[in-house]
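Q: First residue of the sequence shown? That's 3 in our numbering, and the numbers climb one at a time after it. Where a beta carbon is used, it is the ideal one built from N, C-alpha and C, also for glycine. Please read these numbers as outputs of a predicted model, since none were measured by experiment. Dropping the structure in here first, questions after.
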Amino acid sequence: EHHGVEKYTAEFSMALAIPVTTQVLTAPLHIHAMDFYNNPGSSTAERFAAIKKEFGTVAFARGFRILPAFGIGSFSNNRFREYMIRHDYDPAPNPNRLARRVTKALGLEDVDKESSTPIATSSK
Numbered sequence: 003e004h005h006g007v008e009k010y011t012a013e014f015s016m017a018l019a020i021p022v023t024t025q026v027l028t029a030p031l032h033i034h035a036m037d038f039y040n041n042p043g044s045s046t047a048e049r050f051a052a053i054k055k056e057f058g059t060v061a062f063a064r065g066f067r068i069l070p071a072f073g074i075g076s077f078s079n080n081r082f083r084e085y086m087i088r089h090d091y092d093p094a095p096n097p098n099r100l101a102r103r104v105t106k107a108l109g110l111e112d113v114d115k116e117s118s119t120p121i122a123t124s125s126k
C-alpha cells in the first residue's frame, strides 16, 4: 500500500521472487562444490570456467525446482496459518464437543439419544 501495491500482491510476488533470485547466489557455490568434488586437481581458472559454463542451466533448474516448495508452498502455508489462527473474539472451544468429535472419528462412540452423552465403547 505504501508503494501503490496491494499487500496480497506484494506478498505473493515476493514469495515467488525471493527463493528464485537467491539461486543467483547459491548456484555458483553449488557448481564450485560439485567441480571441487569431481575434479579435485583443477586450477582456479578451470573452476571459474566451469561456473561460467554451467551457471545459466544450474541457476534456472534450481530456481524452477525450488519455486513450488519455497515460493507457492510458503505463501499458501502463511495464508492457511492466518486463516486458522484463533482470534480474541473467537468463542472458546467446547471440550465436550471436541471429545464427541474425536471419539466419533475413532469409531469409539455410541451416543445415548436421550441425554446426547457420548459413551465411549470400542466397536473394533
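So V22 packs on G75, CB below 8 angstroms; how close in whole Å?
A: V22 to G75, Cβ: 13 angstroms. No contact.
Q: With a 10 Å radius around its C-beta and 16 neighbouring C-beta atoms as the bar for buried, classify I33 as buried or exposed.
A: Label assigned to I33: buried.
Q: Can you tell me whether DSSP reads T28 as helix, strand or coil?
A: Three-state result, T28: helix.
Q: Of all the options G6, M36 and E56, which has the alpha carbon lying nearest to the alpha carbon of V26?
A: Considering only alpha carbons, the answer is E56.
Q: Quick check: F77 and F14, are their CB atoms within less than 8 angstroms of each other?
A: Cβ distance < 8 angstroms, so F77 and F14 count as in contact.
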